[in-house]
Structure formats: C-alpha cells, structure tokens
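A.B. asks: Note that the UniProt record's numbering has the sequence shown beginning at 1, numbered continuously upward.
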Amino acid sequence: MFNYKSTFFYTYLRINVYVIRVTLFLFVVVNISTYYYALDQQVISKRDLLFNHPEAPRVISCDSVVVAAPYRDPITMFNLAVWVIVVFVAFTATSSTTIYLWRYLRDNEHHSPAVIRMHRMLLITLFVQTSIHAIMLGGPNVMFLYAAIFGAQHEFMAKIAFYCLTTHGLVSTVAMMILTKPIQISILQIIKCSTWKKNSVTAGQYSERNTN
C-alpha cells in the first residue's frame, strides 16, 4: 500500500503510540515525584493487611513486596490505571494489526506464487505469535487486574499466570523457529554441520587406530 499514511488504520496506530508515550511519561514523573509518599503508603497498606489477615505470610512485610491497595492508596490507583491503559492499547493494537494484515495480504490476485507463499507464511506466524502473547500475557494481566480491583484468593491460578509470564518468551521463540522456514533451514544446517564434524572426528580417530 503506497498510500498507507492516508488510511484510518495508520492514524489509529499513531494515536496508540502517542497514548503510550504520554502514559509512560506521566508514570515515570508521578512515581519519581511521589516516591517517599508511596513508601509511606506501602507501610500503612502492609500493616493493615497483616492486621486484617493474620494468616498472611510474613514475607509481605519485606521491602521488595508491593501491596496493591487501589481504593486507599492514590499512587496505586494511578499505577493501576496506567496498567489498564497499557494492557488495553497493547491488546487492541496487536489484534487490530493482525486483522488488518490478514485482510490485505489475502488479496493474492496480482502476486506471484513465491510472494503468495511468503504472505501465507507471514500470516500463519503472525496469527500464532498473536495468540501466544494474548494467552500467555493477556490472560495473566487480566487476571491480576481483576484480583487488584475485585480481590481474589486463587494461589494456584496465580502460579500458572506467573509461569505463563516467565515462559512466554521461550514459547514465542520456539514457535518462531518452527513456523519460519529460513530459521528452520539455518537450524538444520547448524545441526547437519555439527553432526558432520562429529562424524568426521570419529572417522579420523577410527582410521588412526587401524593404522596403528
């Protein structure tokens, strides 16, 4: 598309970029300027949490633990709002980009077979990557936001969410290696080269033993 800058979708993405920039700038400025106030609020929130729930683990009182109390801590409320905005923009921008590309790259009327195969590979990879990030990042973020706003006591689900967050990069990389043909070819070449070198060394050692 030679006139892509005149499309509504391009304007929509630019708006999303500016929303993210302004949001993250305010996030940095507000958290730096209210650093000591936020620390005092954290002490109060941890004290109230341990008082209301004596069965809670004592690790909550550690400095590395942050207690989300959005209805009594204005800084936590602000950070929660930033989190909601970032998750919403990331989800809508990623999904809409996938739908947009899927819509326009399926038009294969004037393309060669090689270009059609490349487009098909791109669309499959894009769909799988979007699904992985939506499930392994979007799901846990929505769950954590729900827990912060409405409250939840599902430790098993929280562990699964953390597992998804910490392993989504590995899953995404493996999916990319499986679905992208140039990467497949490179990996197979590396494996074949390593196998050939190993066989060559073994054959050389065997020949040397026979000579001796």
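Beta carbons are placed, not taken as given, at the ideal position from N, Cα and C, and that holds for glycine.
Taking C-beta to C-beta, are P70 and A148 nearer than 8 Å?
C.D. replies: Closer than 8 Å, so yes.
A.B. asks: Is the beta carbon of C164 closer than 8 Å to that of M118?
C.D. replies: No, the pair does not count as a contact, with Cβ atoms beyond the cut-off.
A.B. asks: Exposed or buried, residue 213, counting other C-beta atoms within 10 Å across all chains shown (16 or more means buried)?
C.D. replies: With the chain running from 1 to 212 in the structure shown, residue 213 is simply not present.
A.B. asks: In three-state terms, what does DSSP make of E55?
C.D. replies: Coil, per DSSP.
A.B. asks: Output the boundary residues of the alpha helix (DSSP H) element that contains I60.
C.D. replies: Segment: none, I60 is in no alpha helix (DSSP H) and carries neither H nor E.
A.B. asks: I need the straight-line Cα distance from L13 to I190, nearest angstrom please.
C.D. replies: Spanning the two alpha carbons is a distance of roughly 39 Å.
A.B. asks: Judging by CA-CA distance, which residue of F27, Y36, D48 is the nearest neighbour of A81?
C.D. replies: When each option's Cα is compared against that of A81, the closest is F27.
A.B. asks: Comparing alpha-carbon positions, which option in V142, T97, Y36, S112 lies nearest L123?
C.D. replies: Nearest option by C-alpha distance: T97.
A.B. asks: In the DSSP assignment, find the alpha helix (DSSP H) that holds Q153 and state where it starts and stops.
C.D. replies: Looking at the DSSP string, Q153 is not in any alpha helix (DSSP H), and its letter there is neither H nor E.
A.B. asks: In chain order, what residues of the same chain lie with their CB nearer than 8 Å to the CB of Y18, ignoring the 5 residues before and after it?
C.D. replies: Here the set comprises nothing.
A.B. asks: With DSSP run on the structure shown, which of helix, strand or coil describes V142?
C.D. replies: Reduced to three states, the DSSP call for V142 is helix.
A.B. asks: Any idea if Y206 is buried or exposed, counting beta-carbon neighbours within 10 angstroms, 16 or more meaning buried?
C.D. replies: Bear in mind that a pLDDT of 48 at Y206, under 50, signals an unreliable position, so the model cannot answer this.
A.B. asks: Based on Cα-Cα distance, which residue from L101, L49, G151 lies nearest to Y10?
C.D. replies: When each option's Cα is compared against that of Y10, the closest is L101.
A.B. asks: Quick check on DSSP: helix, strand or coil for Y35?
C.D. replies: Y35 falls in the helix class under three-state DSSP.
A.B. asks: So, I185 versus M177, is the Cβ gap smaller than 8 Å?
C.D. replies: It is not a contact, given that the beta carbons lie outside the stated cut-off.
A.B. asks: For T130, which option in P57, Y37, A93, S33 has the closest C-alpha, if you only look at C-alpha atoms?
C.D. replies: The residue with the shortest Cα to Cα distance from T130 is A93.
A.B. asks: Which of helix, strand or coil does DSSP assign to Y71?
C.D. replies: Reduced to three states, the DSSP call for Y71 is coil.
A.B. asks: State the start and end residues of the unbroken alpha helix (DSSP H) segment that holds L122.
C.D. replies: Segment 113-133, the alpha helix (DSSP H) holding L122.
A.B. asks: Using 8 Å as the threshold, is the C-beta distance between L145 and V84 below it?
C.D. replies: Closer than 8 Å, so yes.
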